[in-house]
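K.L.:
In the UniProt record's numbering, the protein residues as written are 1 to 193.
Idealized CB from N, CA, C, for every residue including glycine.
1. Going by Cα to Cα distance, which pick from 102, 136, 76 is closest to residue 94?
2. Excluding five sequence neighbours on each side, which residues of the same chain lie with their C-beta closer than 7 Å to the C-beta of residue 52?
3. Hey, residue 41 and residue 69: beta-carbon distance below 7 Å or not?
4. How long is the line joining the alpha carbons of residue 49 and residue 2, rounded to whole angstroms?
5. Measuring only the C-alpha atoms, how far is residue 159 from residue 43?
6. Excluding the 5 residues preceding and the 5 following residue 135 in the sequence, name in chain order all residues of the same chain whose CB lies nearer than 6 Å to its CB.
7. Excluding the five sequence neighbours on either side, which residues of its own chain have a C-beta within less than 7 Å of the C-beta of residue 6, listed in chain order?
8. Taking C-beta to C-beta, are residue 190 and residue 132 nearer than 7 Å?
9. Restricting to Cα atoms, I'd like to know which of 147, 18, 156, 175 is closest to residue 63.
10. Quick check on the burial criterion: 16 or more other C-beta atoms within 10 angstroms. Buried or exposed for residue 111?
11. Going by DSSP in three states, residue 162 sits in which element: helix, strand or coil?
12. Which runs of the alpha helix (DSSP H) at least 4 residues long sit entirely within the region 41-110? Give them in chain order.
13. Restricting to Cα atoms, I'd like to know which of 137, 60, 109, 15 is closest to residue 184.
14. Going by C-alpha to C-alpha distance, which of 109, 85, 78, 180 sits closest to residue 65?
15. Between the region 148-158 and the region 9-29, are three or more C-beta pairs nearer than 8 Å?
16. Kindly indicate the opening and closing residues of the alpha helix (DSSP H) around residue 26.
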């Protein structure tokens, strides 16, 4: 039986290793193509034990099969301040819906909605006016793009999100098979809560 749990604070610590492994497995595929490292992942994910942060985790029995993370945007100010520099919204008005990962065999069962519902509920509980996330941008002719790839744009729009024109962040990570890390553009999407 599949169930979801909303985790905050210290309860996040109990799932960090499972979440790290899940992120590495799911983000290895298109469009992220991320060549992940367990030590880095575990370190990075400790940020979700901070006040206001949330992990919405999905389990099949005791096995974590998906999760979504979120935190107050100002927790990510160093990464996103430049992208939002010309926007009227203040970072402390925005809740950042960070990663969302789900094993392929569990997709199309409504868990994507549960992930957004949990993060948006946390945003509202914190008094946030906006919810935002970013999606990696890859060239349409990228040689590793699967022929049957369907972007999630329609799903996000149905949830009320729209891309923010010109609000692009850039992050470094090592692609599968690449010799070193390179910067990738990430497009921000946002909705009013």
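P.N.:
Once the coordinates are examined:
1. Translated into the one-based positions of the chain shown, residue 94 becomes position 94. For residue 94, the closest alpha carbon among the candidates 102, 136, 76 is that of 76.
2. Within the chain shown, residue 52 is the residue found at index 52, counting from 1. A distance below 7 Å between beta-carbons, with the five flanking residues on each side excluded, links residue 52 to the following residues of its chain, in chain order: 71, 72, 126.
3. Counted from its first residue, the chain shown places residue 41 at position 41. Counted from its first residue, the chain shown places residue 69 at position 69. Residue 69 is positioned such that its CB atom lies no closer than 7 Å to that of residue 41.
4. Stepping through the chain shown from its first residue, residue 49 is reached at position 49. Stepping through the chain shown from its first residue, residue 2 is reached at position 2. Rounded to whole angstroms, residue 49 to residue 2 spans 24 Å at the Cα level.
5. Here the question's residue 159 lines up with position 159 in the chain shown. Here the question's residue 43 lines up with position 43 in the chain shown. Using only the alpha carbons, I get a separation of about 31 Å.
6. The residue given as residue 135 occupies position 135 in the chain shown. These residues qualify, in order along the chain: 187.
7. Taking the first residue of the chain shown as 1, we reach residue 6 at position 6. Within the same chain, residue 6 has close Cβ partners 54, 56, 118.
8. If you number the chain shown from 1, residue 190 lands on position 190. If you number the chain shown from 1, residue 132 lands on position 132. It is a contact, given that the beta carbons lie within the stated cut-off.
9. Stepping through the chain shown from its first residue, residue 63 is reached at position 63. Comparing Cα-Cα distances from residue 63 to each of 147, 18, 156, 175, the minimum goes to 18.
10. Numbered from 1 along the chain shown, position 111 holds the residue referred to as residue 111. Within 10 angstroms of the beta-carbon of residue 111 lie 16 or more other beta-carbons, which makes it buried.
11. Your numbering for residue 162 matches position 162 in the chain shown. Assignment of residue 162 by DSSP, reduced to helix, strand and coil, places it in the strand class.
12. The qualifying runs are 77-80.
13. The sequence position of residue 184 within the chain shown is 184, counting from 1. Closest option to residue 184, Cα to Cα, is 137.
14. Stepping through the chain shown from its first residue, residue 65 is reached at position 65. Closest option to residue 65, judged by alpha-carbon separation, among 109, 85, 78, 180: 109.
15. Output reads no: the region 9-29 does not touch the region 148-158.
16. Numbered from its first residue, the chain shown carries residue 26 at position 26. Run containing residue 26: 16-27, per the alpha helix (DSSP H) assignment.
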